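Chains as they are written, first to last, in this note's numbering: chain S, 14 to 242; chain D, 40 to 804. Think of the CB as a built atom: it goes at the ideal place given N, C-alpha and C, for glycine as much as any other residue. These numbers were taken from a predicted model, which means no experiment stands behind them. Here's the structure we're looking at; comments come further down.
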Amino acid sequence: MKVGIVQFPGSNCDEDAWFAVVDQLHEQAVMLWHKDHDLQGADVIVLPGGFSHGDYLRAGAIARFSPIMQQVAAHAERGGVVIGICNGFQIACEAQLLPGALLRNNVGYRSLSVTIRVERTDSPMTAAAPIGACLTMPIAHGEGRFTMSEAELDRLEGDGQVLFRYVNADGQPTPDANPNGSMRNIAGICNAGRNVVGLMPHPERAMEPLLGSSDGRVLFESLLVAANA
Amino acid sequence: MTATPRQGDPVISPALVAEHGLTPAEFDKLVAMLGRQPTFTELGIISALWSEHCSYKHSRAVLRTLPTEAPWVLQGPGENAGVISIGDGLAVAFKIESHNHPSAIEPYQGAATGVGGILRDVFTMGARPIAMLNSLRFGSLESPRVRYLVGGVVKGIGDYGNCIGVPTVAGDIMFDAAYDGNPLVNAMCVGILREEDLIRAKAEGVGNPVIAVGARTGRDGIHGASFASEDLSHDSDAKRPRVQVGDPFTEKLLLEATLEMIASGNVVAVQDMGAAGLTSSSAEMAERGDVGVVIDTLKVPVREQGMTPYEILLSESQERMLVVAHKGREEAVRAILAKWDLHAEVIGEVIAEPVYRVVEGDHVVAEFPGTRLVTDCPMYTPEAKEGAAVIALRARDVHAIPPKAEERDLAWTLTRLLSSPTIASKQWVYRQYDSTVRTSTVLGPGAADAAVLRIRGTTRGLAVKTDCNGRYVYLEPRVGGRIAVAEAARNVACTGARPRAITNCLNFGNPKKPDVFWQFKEAVGGMGEACVALDTPVTGGNVSLYNENPHGAIYPTPTIGMVGVLDDVAHATGMAFKAAGHPIVLLGEPTAELGASEYLSWIHGVVAGAPPACDLTRERALIDAIVEAIQGGYVNSAHDCSEGGIAVALSECCIADTLAPIGATVSLSPWDALPDRALFFGEAQGRIIATASDLPALLAVAAKHGVPAQVIGSTSPAASGLVITGAGRELRASLEELAYAYHGALERALSRAVSSELPVAEVTA
């Protein structure tokens, strides 16, 4: 598997994604500069976290116009896997690779450890995870309140596009477990084609027991399963 | 060549000189140096360079007494940041700096630009920033204005650090009415580099171009350095335009571009344009290299038309750097910056002639002979005399203060203390900071006495912490100075790290007042003693004086930023009890001391008595013992006893892990003869609460180092709560009540209304 990690000006989780892929999974990775037009043969594209273009105007709103995003969109259209983490999720929504919008948190910026529940395994990021698995990993964002109209949301749920929900210690999606006010505690989704995934939590920060959690591994390992399928 | 006035320059008058903060004697020295009257531009330059902030004119002589050397120190004071070797060819660059004055009047931008400035100090050394820390002091949270300041400062720090992608991992925060009008915002940055990539901000090579990099120069922050060198008053609010505005996105680009530029070998030296902007960065680089320099203000990229040389030289617009490149490599430097959408303009060059010259095209607007413009500043050794009021306060018999009726229940006192904002969990603050980006944070905020980061590619870890109890320093400066260093070292050691070096931020009042200068001299003396005893030299820092308002000065607060190294990061140890049934060991001993305690201040509103004694030989032994025990693998948890004493420390060990609290049953009967309040809440120094994974081995290590060690109880299931007996008293509390007090206090205190209005008392004073 070759993972292409897009570097926007202001990306700051690009290296973390690199270490997750290269040091932890021992897979290939390549950094893709936002001004370039070449995905360099990557099978999986990661839009990493950070503050692309300073998140000025609106998170992800400027990054979607970066030259490389044309190739990323084409890759997605061909059925190629695209993963958006945190700011990458915001960019994917702005670029309309994913439905919905990520609004300002109801409580301001939040950095803490959350638990998310895996809702579906038929996605490239959850293929190796058991349904209902509760995974602990950090969040760190100010604009992660997943929002869409109730009707669209019903359709999203009906089509099985909700992949992760914030849950409490008992695995329940309670209001207390919701760190940012996301509708129906949604932490991550996929597109209708199921090849584009976005999530606000940071699995790349939860790859080693030394750092407190290795629950993110299964999500990256899922990419491998999907790539080899 | 000689400088001549520009058309329209104001006439140099005694009033204008005074407005620039120069004394008549300093002005005379300037005239003697030039051999003529200065131009307006020259007056502006000297006003900035000879301000307290840039010149250290009242502090330099005292600072020289601090120890600065050790085999592992690669760069001591005098550079953008200090640097120590940590083995494997790796080095750590780190520095702490204040942004107190700007934060007092514009908390959000003041704090944000403080973070930006300290980041630049570290990455201009060729180091990649890996951690941020913040040491904050605020007034009483009863004041709506203080609550406004807290909210603004925390958001400013968070927004800047989060955007840059450097984790904010540790710090310390205290609240006391002494800081009501003068909050302290001290930001520390830690970076990592390969030893061979270390670059110094020293201009070299005649003919080499001087390049301005990054943001354009605007009219913001003009005379910020001079502003930071005077007392705050109601007029200060009118100086809000002197506060700069930060742009973390540009800084992130500047960070990446600078590291790439340094790695490319095209540059000789890099310096942040911080306080006093272009003036101090160019003068300081020239002075370090003992070379001349010429700057043409017409070539400096500006934000607006019509800026005078005076304005361009003194602007403190953020996210700018000054670079000396190798001649002929200008285009290579430009290309790297262009990749990051940043601009670079050649604005001057290094010259053989020993002068500091500023031209505006063909017109020389400033020219100083020699290359020692900054250190040629007059130096002062003000009168130092301890204030009578403090002597009286220290002498007070605090044991004679009768306990309140409620104190019959020790759990009442304990929960009150746990909800004191100074002691309470700082979760409300650190949840606004990204502490896990860069995937190296092993122990983040709230988990341990210091933060621990792993050093990628090695087995090593780095422990970092800031500390200073200003109340101790106020009541007895020398002892307080010692404790500030010793506590920071103890905190770092409790994670399993060997304390290695410090950076310091010396926050004091007006040095021209004898009692303030006494505090300064004594506190620095105490710090120096501790640094020698603990083998932690000073590698740099910053002095912030004039932290005063019409009501008086702050507590003298010499904030210490400590860096330590763990040989094996796998042994990194947190403060939380890990499981029931572990033996609890007290290293060090309680005493009858109660003076200067949080107990007296928070429960009784009394700031008096002598601070606890600080025996540096015993501190050293304690640190050696805990580091050896942790690295030996004999310890499950370690936490030092500080504000609130042993009862608070035990509570924190029980409830630090919010998901898995652990109870404890403790007997302090060996010290039954001590006064009960001192035993439970006194702040005797040199104590650590550790739980043992190998009790005989832990006790043997303690004995080897001559550290008193006593098994005082054991951990228990959470439902058993916390039980402490001693001095004929029993304290019994559920973990739920302790957690409610500790974890929610700050949020409850800050959820009340805020106001940016100055309190009436401060306006009329």
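- Within the stretch 465-496 of chain D, those residues whose Cβ lies closer than 7 Å to any Cβ of chain S are, in chain order, R470, Q471, Y472, D473, S474, T475, V476, R477, T478, T480, V481 and R493.
- Listed in chain order, the positions of the stretch 186-203 of chain D with a beta carbon within less than 9 Å of a beta carbon of chain S are K194, G197, D198, N201, C202 and I203.
- Counting only the Cα atoms, I104/S lies some 4 Å from G73/S.
- Between I669/D and L626/D, the C-beta gap is not smaller than 8 Å, which leaves the two residues out of contact.
- Under the DSSP definition of a beta bridge, A703/D partners with T754/D and L761/D.
- The beta-carbon of K617/D is placed no less than 8 Å from the nearest beta-carbon of chain S.
- Note that the C-beta distance between A140/S and V59/S is not below 8 Å.
- Closer than 9 Å at the C-beta level to chain S, one finds these residues of the stretch 377-401 of chain D: K378, W379 and D380.
- The stretch 485-498 of chain D and the stretch 607-614 of chain D touch, with three or more beta-carbon pairs separated by less than 8 Å.
- In this structure L761/D is not in contact with G683/D, their Cβ atoms being roughly 13 Å apart against a cut-off of 8 Å.
- Using a CB distance cut-off of 8 Å, S227/S does not count as an interface residue toward chain D.
- G328/D carries a helical assignment under DSSP once its states are collapsed to helix, strand and coil.
- Taking 9 Å as the cut-off between beta carbons, the residues of the stretch 285-311 of chain D near chain S are D286, P287, F288, T289, K291, L292 and E295, in sequence order.
- The beta carbon of L545/D sits closer than 6 Å to the beta carbons of V582 and P597 from its chain, once the five residues preceding and following it are set aside; these are given in chain order.
- Within chain D, the residues placing a beta-carbon under 8 Å from that of D29/S are V476, R477 and T478, ordered along the chain.
- In the DSSP assignment, I98/S forms a beta bridge with L212/S.
- Put simply, the backbone Cα of V154/D is about 43 Å away from that of L738/D.
- No Cβ-Cβ contact shorter than 8 Å links H140/D with T152/D.
- Neighbours of S162/S in chain D, taken as residues at a C-beta separation under 9 Å, are lacking, since the least C-beta distance is about 30 Å.
- For E355/D, the secondary structure class from DSSP, reduced to helix, strand or coil, is coil.
- Within the stretch 165-190 of chain S, those residues whose Cβ lies closer than 9 Å to any Cβ of chain D are, in chain order, A182.
- Secondary structure note for I665/D: its alpha helix (DSSP H) is the uninterrupted segment L655 to G671.
- For L158/D, there is no enclosing beta strand (DSSP E); the residue is found in the alpha helix (DSSP H) stretching over P146 to F162.
- Using a 10 angstroms sphere on the CB of H744/D, the tally of other CB atoms reaches 16 or more, which defines it as buried.
- Taking Y638/D as the centre and dropping the five residues before and after it, the same chain places the C-beta of F720 closer than 6 Å to its C-beta, in chain order.
- By the rule that beta-carbons nearer than 8 Å mark a contact, E217/S touches chain D.
- Counting every other CB atom within 10 Å of its CB across the protein chains shown gives Y69/S a total below 16, marking it as exposed.
- The residue among T505/D, G565/D, G634/D and A766/D with its C-alpha nearest the C-alpha of K134/D is T505/D.
- The Cβ atoms of E355/D and Q283/D lie closer than 8 Å to each other.
- Note that the C-beta distance between L176/S and E217/S is not below 8 Å.
- Taken in chain order, the complete beta strand (DSSP E) segments of 3 or more residues contained in the stretch 593-638 of chain D are 596-605 and 622-626.
- Per the C-alpha coordinates, the member of N173/D, L774/D, A308/D and T420/D positioned closest to A450/D is L774/D.
- Here G548/D is not near A619/D, since their CB atoms are 8 Å or more apart.
- Contact annotation: C533/D and H382/D have beta-carbon atoms that are not nearer than 8 Å.
- R123/S has a beta carbon lying within less than 8 Å of a beta carbon in chain D.
- Taking the Cβ atoms as the reference, R167/D lies roughly 7 Å from L232/D, within the contact range of under 8 Å.
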